[in-house]
Every structure is written in C-alpha cells, then in structure tokens.
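*Asks:* Okay, here's the structure, questions in a sec.
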Amino acid sequence: MALRVCSLAAFVFLSTWTVSRAQPQGLEVSEVAPGLFVHQGVTALMTAENAGATANVGFVVGESAVAVIDSGGSVREGRQLLAAIRARTDKPIRYVINTHGHPDHVFGNAAFVGNGTVFVGHRNLPRALVARGQFYLDAFHRIMGGQLMDEVRIIPPTLLVDDTIAIDLGRRSLTLKAWPAAHTDHDLSVFDEQTGTLFAGDLVFLVHTPVLDGSIRGWLSVLGELGRLPAQRVIPGHGPVSGWPAALADQRRYLEALSSDVRALIARGEPITAAANSAAASERSRWQLFDDYNARNATAAFSEIEWE
Amino acid sequence: MYGHSMRLLCIAGLLSVMLGAGPVHAAEPYDPWPGLVQDIFKNRPMQDGSGVIAIEMPYRAEDAAIVPVTLRSRLSPDDGRRMLAITLVIDQNPAPMAARFELGLDANVTEISTRVRVNNYTDVHAVAELSDGQLYVVKTYVKASGGCSAPAAGNADAAKARLGQMRYRQFARPGVAGSTREAQIMIGHPNHSGLQMNQVTQLYIPAFFINELRLWQDDSPVLAMEGGISLSEDPNVRFTYVSNGAKRFRAEARDTDGHLFRNEWKIDDPAM
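Chains as they are written, first to last, in our numbering: chain A, 1319 to 1626; chain B, 214 to 485.
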C-alpha cells in the first residue's frame, strides 16, 4: 500500500514536471507601447542560473504578423519568449530581427525556426557569425553547460539590411537601419513608426557598462545621427526603457572619457597596459559590471586609436 | 553582454587543459617545459637568468588575445657580455615558441615589448642567449585562456584595409642619454592562428601570420624577429636601442603567404 502511494506520488510528480517542461512559462514582458512588448534582461554575466537572459528582447504585434527583436541567451529563453507571444496573440511570427550577433541576443534563435519565419540582420551579421559562432558555442558550453547549450544553433539572417528597409506587420511598419562599425561592425536598429519606439540594440547601454566590440570612433560618430531619430522612447540592448535622446547621455560620457583617456595615454607614449589600468577610471562608479568590461574596452580602444 | 564570462572561462580553461592534455597523472598538471627545452633549445644547459633578463606580464590577462609582455635586459653597462638573442616561450600554447628576437650587434637593445596570445593558464619563459655562449632563463606565470582560438577584433573591414600597413613611432624620453632611443613598429595583419573555426564549414580558418620582421637603422640591424601564431593580431614591437646617428629607419616583414612588406621612415632628431 505504501509502495502504491509512493509510485503514485512519483508518477504525479513526474508528470507535473514533464508538463511544466513541455509548456515553458512565458517570459515576463511589459507592454511598453500599444502592441509592443519588452523583457528587460538582468544586468549580469551569462550563467546557467540566468539561462543567459541578460539582454533586452521584445516583440511587436501588427495586424497580420509579429516581429521579434532579439531572441535571448539560450533556446530556453527563446521558448519562453515564444510562450509570452502566444499568450497574447496567435498571429504568425514573420520576422526574427537580430540587432547584432552577440550570444545574449542570438542564442534563442532556434526557438523560432520554422513556420516561414525569416531571420533578419545587418549585411555583416552572417560574416560575424561564421567567424565567431563556433567560439561562442564552445565558450558557453563550458560556462552554461550542456543542458542549456546542446540545443543552441547559430541561425544566420537570410534577409540582410544594407542601409535601411521597412517591414510591414500589417498596417504597422518597422524601419530597420544598418549602422557603420560602432558597438560591433554589424549593428541594426529597429524603429516602430506607429509608437515612435526605437529598439537600439547594443548601440545604447544603460546601467550595464557599454561593451566595445567594433569601433570606438565609429560609435562616437553615430551618436549624433542616432540621437536625432524621432523616437519617443528607446529600448536599449541593456537597461531600462527610457526617454530619447536623453538615454544617450551616460553612454556618450563613458565613450568620450574612454576615448580621451586613451588618446592622452597614446600621446604620452604610454604602453597598452596603462590603458587597461586607468582609462575611463572616472566612470567606475557610474556603471555595473565595470570590472568585467572596462579593461577590455580600454585595450580595444587603445589598439584601435594607436593606428591613427 | 557576453564578453567577460571569459573570466569564468579561465577557470574552466584550466580544467580542460588538465583533462585534455595527453598522458598525465591525474594529480599533477602536465609540465611541457622539459620537452620544450629539448625541442627548442636542444637540451642545452640553462643558467638562472635573474641577473641577466627580466620578463613582465600581467598575472591575470584582461584579454587573452592581447597580452602585453616586456623583456628587459638586466646586464649592467660594464658587464662584458652582450645579449645576442631572446626566445619567448608560452609553455601551454599550441605553438609555444612565441617569438625569437635577434638583437643587432651594434644596437644595444635593452628592452623589447610585444603582445601575445595566451591559450591556457601557463608558465612563460624568456631565454636569453649571451655572447659567453650560455643560455639564461627566467619565467613568469599568466592566467588567461582561449587567446589562440579567439576571433579577430571586431572591425573586420578596417582590419582588412590595414593588411601590410606599417607604423613607426619614436617616443620622447626626457632625461635619457641622447643616443638611447625608444621606438615602435606596428604592422597590420590578422595573424590567423589556424585555430579559429569557421562555424559554417567547420573547417579551421587557415593560419596566416607574420613570421619574420627585420629592423635597421640605416644599414645596421637593430632587431630581427622570428614570430609565430602566439603573436597577437597586428603585431606590435616596441623597443629601446642606441642610435648610431642614422637618419633612416627601415623595416621588412614577411608573412606565411610569402608577402613582403617594406617601409622606411626618416628618424627625427630628438635633440630639439
């Protein structure tokens, strides 16, 4: 009798567990503007515990279709995002737009493959994924483990943006713009015309130390044009939804400090070690994850600017 | 963003070296140095080099693909011996011999800095060859991981445009004896290690790197470098030497595809 109860309990437990695995909880999202939803990532390094959910991801619902902007840091997160979409609409997901190719923005892509979904990115995104994709998969297998990483696939875009394109979700137009080298050499922004909402991808960071993986001079040079986009609000790649262009101020200050500190070091003939130790030190208290990212940003900025 | 999960990778990296590195005792990490002494130095005896040469590297590297290293001569000016060559060995790297520097006989090079890739937590040895026919060795330890398989820096078009371009720079050194100079040569090159994998084809991007660099003041050799894949993208060599009054600085570099890059610069008179 006791044995029967135990097996029944075990059976119930197992089936509940199996059911909850089969139907992922929807990702918590906020409706930031009518028909436009965002999940704000946690400001942290990607780990097994957070399933890589460190970037902002979102979706836009038009009259006939849905577009996803970035898929998250794991297929688990991608599936949770999908569940959040399906909890609100059954319209087809026509587009998954990757703002750039870093793992926290693309590792969820496999959750959206099929049903005619088209992956969209900057003209240089396929090349970046070819060069880096395997390195990312190997690195994150070690960091996040096989359970999360075994199902991650590198899914490159098939619809490429050279300059700007408009995509129509059914009386709802998104304007996609490819930028010259800045945060990466393949940054893409998405502007929802209907609500004036700008998904800036990692062209804009708040709270989280900006990450330099493209060109510091290029990034500083696009801030003007970026700031003039007629947005009511911005969804940065990391950090809270914010007013525009006010949201650029912190990042502009950081990049200017980094750039001018590095230039001064180079002018004085200091070696690259000095950059890692001291560039942008004034910004330390203004950002999270500073010690994880700033020294590397400084080295990248130094090795770029020393070519001038 | 993903980037400094590379920190966690360092710890994982050490584990993978221990587990993956061939016939070893489970208890001890494999020490490749004795084998390298055989392969690179033909088992020649080595003296303790602490009075002869110093090596400086960060204990924990921020970017495993760009790890600065400085080699400094500790020979005093009245030491009768001269330093002829320095070999830099990164023990745990796939290609441990990172570079061999031959010092010009009349140039009195006393300091060399460059940037290297470090693939695993490792000892790094600097072996100086002196005019007395002896080898002198020092070592340091670096914590870094993945430098040899790391992808190239983020601006691919700019990197391509720089291929073969060189920059020469002289550094002002106030208060230093007039004929001692500090200069730097940089050359744009991806220095592909052959260990970066194309994600689509699953083939390795072929090795393609600067393997030779020669520097002269007029016709007098200052420094010659034999380099491998452990040197970072856009090889950069900074060095202190003694000027012979030359008006021109010349550089010649070769890569593994047989390209020859040549350049010449006018030397500024620093006494201004």
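Where is the CB? At the ideal position from N, CA and C, for every residue including glycine.
Let me know the secondary structure DSSP gives B:Pro281 once reduced to three states.
*Replies:* Here residue 281 of chain B refers to the residue found at position 68 of the second sequence. Strand, per DSSP.
*Asks:* Sort A:Val1552, A:Glu1511 and A:Asp1505 by Cα distance to A:Arg1489 and report the nearest one.
*Replies:* Counted from its first residue, the first sequence places residue 1489 of chain A at position 171. Nearest C-alpha to A:Arg1489: A:Glu1511.
*Asks:* Quick one: is B:Gly359 near chain A, going by C-beta distance under 8 angstroms?
*Replies:* Mapped onto the second sequence, residue 359 of chain B falls at position 146. Judged by the 8 angstroms Cβ criterion, B:Gly359 is in contact with chain A.
*Asks:* Applying the criterion that 16 or more other CB atoms from any shown protein chain within 10 Å of the CB defines a buried residue, is A:Gly1464 buried or exposed?
*Replies:* Taking the first sequence and counting its residues from 1, one reaches residue 1464 of chain A at position 146. So A:Gly1464 ends up on the exposed side.
*Asks:* Any residues in the region 398 to 413 of chain B with a beta carbon nearer than 8 angstroms to a beta carbon of chain A? Which ones, in chain order?
*Replies:* Those residues of the region 398 to 413 of chain B that come within reach of chain A (Cβ to Cβ, closer than 8 angstroms) are Met399, Gly401, Gln409, Met410, Asn411, Gln412 and Val413.
*Asks:* Which stretch, first to last residue, makes up the beta strand (DSSP E) that contains A:Gly1545?
*Replies:* Looking up residue 1545 of chain A in the first sequence gives position 227. A:Gly1545 -> not in any beta strand (DSSP E); alpha helix (DSSP H) instead, spanning Ile1534 to Arg1546.
*Asks:* When we look at the beta-carbon of A:Ser1621 and count the other beta-carbons within 10 Å, is it buried (16 or more) or exposed?
*Replies:* The sequence position of residue 1621 of chain A within the first sequence is 303, counting from 1. Buried is the call here.
*Asks:* Closer than 8 angstroms, CB to CB, is B:Arg451 near chain A or not?
*Replies:* Within the second sequence, residue 451 of chain B is the residue found at index 238, counting from 1. Taking Cβ atoms only, chain A reaches closer than 8 angstroms to B:Arg451, which makes this a yes.
*Asks:* Which stretch, first to last residue, makes up the alpha helix (DSSP H) that contains B:Gly248?
*Replies:* The residue given as residue 248 of chain B occupies position 35 in the second sequence. Unbroken alpha helix (DSSP H) run through B:Gly248: Trp246 to Phe254.
*Asks:* From the beta carbon of A:Phe1453, is the nearest beta carbon of chain B less than 8 angstroms away?
*Replies:* Against the first sequence, residue 1453 of chain A aligns to sequence position 135. Chain B contact via Cβ: present.
*Asks:* Helix or strand or just coil, what does DSSP make of A:Phe1437?
*Replies:* Taking the first sequence and counting its residues from 1, one reaches residue 1437 of chain A at position 119. Strand.
*Asks:* Here's the rule: buried if 16 or more other CB atoms are within 10 angstroms of the residue's CB, otherwise exposed. What is B:Gly346?
*Replies:* Position 133 of the second sequence, counted from the start, is the residue given in the question as residue 346 of chain B. Result: exposed.
*Asks:* May I ask you to list the residues that DSSP assigns as paired with B:Met438?
*Replies:* Your numbering for residue 438 of chain B matches position 225 in the second sequence. DSSP, once it has assigned bridges, lists B:Phe314 and B:Leu426 as partnering B:Met438.
*Asks:* Looking at the structure shown, is B:His402 part of a helix, part of a strand, or coil, going by DSSP?
*Replies:* Within the second sequence, the letter at position 189 stands for residue 402 of chain B. Of the three classes helix, strand and coil, the one that applies to B:His402 here is coil, per DSSP.
*Asks:* In chain A, what lies closer than 9 angstroms to B:Ser443 by C-beta?
*Replies:* Residue numbering aside, residue 443 of chain B sits at position 230 when the second sequence is read from its first letter. Correct list: empty, because the minimum Cβ distance to chain A is about 17 angstroms.
*Asks:* Write down every uninterrupted run of the alpha helix (DSSP H) in the region 1457 to 1518 of chain A whose length is 4 residues or greater and which is fully enclosed by it, in chain order.
*Replies:* DSSP runs (the alpha helix (DSSP H)) wholly in the region 1457 to 1518 of chain A: 1464 to 1467.
*Asks:* Note down the Cα distance separating B:Ala308 from B:Asp468, rounded to an integer number of angstroms.
*Replies:* Here residue 308 of chain B is taken as the residue at index 95 of the second sequence, counted from 1. Here residue 468 of chain B is taken as the residue at index 255 of the second sequence, counted from 1. Taking the straight line joining both Cα atoms gives about 16 angstroms.
*Asks:* Tell me which residues share the same chain as A:Gly1536 and place their Cβ nearer than 7 angstroms to its Cβ, disregarding the 5 neighbours each side in the sequence.
*Replies:* As a working mapping, residue 1536 of chain A is identified with position 218 in the first sequence. Closer than 7 angstroms at the Cβ level, and outside the excluded window around A:Gly1536, lie Pro1498, Ala1499 and Ala1500.
*Asks:* With DSSP as the reference, identify every bridge partner of B:Glu342, one or two as the case may be.
*Replies:* On the second sequence, residue 342 of chain B is found 129 positions in, with the first residue counted as 1. Answer is B:Ala298 and B:Leu348.
*Asks:* Using a Cβ-Cβ distance under 8 angstroms, would A:Ala1457 count as near chain B?
*Replies:* Taking the first sequence and counting its residues from 1, one reaches residue 1457 of chain A at position 139. Answer yes: the Cβ-Cβ gap between A:Ala1457 and chain B drops below 8 angstroms somewhere.
*Asks:* Between which two residues does the beta strand (DSSP E) holding B:Tyr454 run?
*Replies:* Residue 454 of chain B sits at position 241 when you count from the first residue of the second sequence. It spans Asn449 to Val455 - the beta strand (DSSP E) in which B:Tyr454 sits, taken as one unbroken run.
*Asks:* Quick one: residues in its chain with C-beta nearer than 7 angstroms to the C-beta of B:Met379, no 5 flanking neighbours on either side, listed in chain order?
*Replies:* Taking the first residue of the second sequence as position 1, residue 379 of chain B is located at position 166. Excluding positions up to five away in sequence, the list reads Ile398, Met399, Ile400, Ala464, Phe474 and Asn476.
*Asks:* Can you say whether A:Lys1495 is buried or exposed, counting buried as having 16 or more other CB atoms within 10 angstroms of its CB?
*Replies:* Here residue 1495 of chain A refers to the residue found at position 177 when the first sequence is read from its first residue. With 16 or more other Cβ atoms within 10 Å, it is buried.
*Asks:* If I measure Cβ to Cβ from B:Val435 and keep anything under 7 angstroms in the same chain, skipping five residues before and after, which residues do I get?
*Replies:* Counted from its first residue, the second sequence places residue 435 of chain B at position 222. Correct list, in chain order: Gly317, Ala320, Val322, Leu428, Trp429 and Tyr454.
*Asks:* Going by alpha carbons, who is nearest to B:Val351 out of B:Arg328, B:Glu342 and B:Pro242?
*Replies:* Translated into the one-based positions of the second sequence, residue 351 of chain B becomes position 138. Comparing Cα positions, the closest option is B:Glu342.
*Asks:* Counting only Cβ pairs nearer than 7 angstroms, list the residues of chain B close to A:Val1448.
*Replies:* Sequence index remark: in the first sequence, residue 1448 of chain A carries index 130 (1-based). Here the neighbours are Asn411, Gln412 and Val413.
*Asks:* In the DSSP assignment, find the beta strand (DSSP E) that holds B:Lys479 and state where it starts and stops.
*Replies:* The residue labelled residue 479 of chain B in the question sits at position 266 within the second sequence. That run of the beta strand (DSSP E) goes Leu473 to Lys479.
*Asks:* If we count the other Cβ atoms within 10 Å of its Cβ and call it buried at 16 or more, is A:Arg1614 buried or exposed?
*Replies:* Taking the first sequence and counting its residues from 1, the one referred to as residue 1614 of chain A is at position 296. Under this definition A:Arg1614 is a buried residue.
*Asks:* Check B:Tyr354 in the structure and name its three-state DSSP category.
*Replies:* Working through the second sequence from its first residue, we reach residue 354 of chain B at position 141. In the structure shown, B:Tyr354 sits in a strand (DSSP, three-state: E or B).
*Asks:* Kindly list, in the order they appear in chain A, the residues whose Cβ is closer than 7 angstroms to that of B:Phe462.
*Replies:* Here residue 462 of chain B corresponds to residue number 249 of the second sequence, with the count starting at 1. Residues of chain A passing the Cβ test: none, with the nearest at roughly 16 angstroms.
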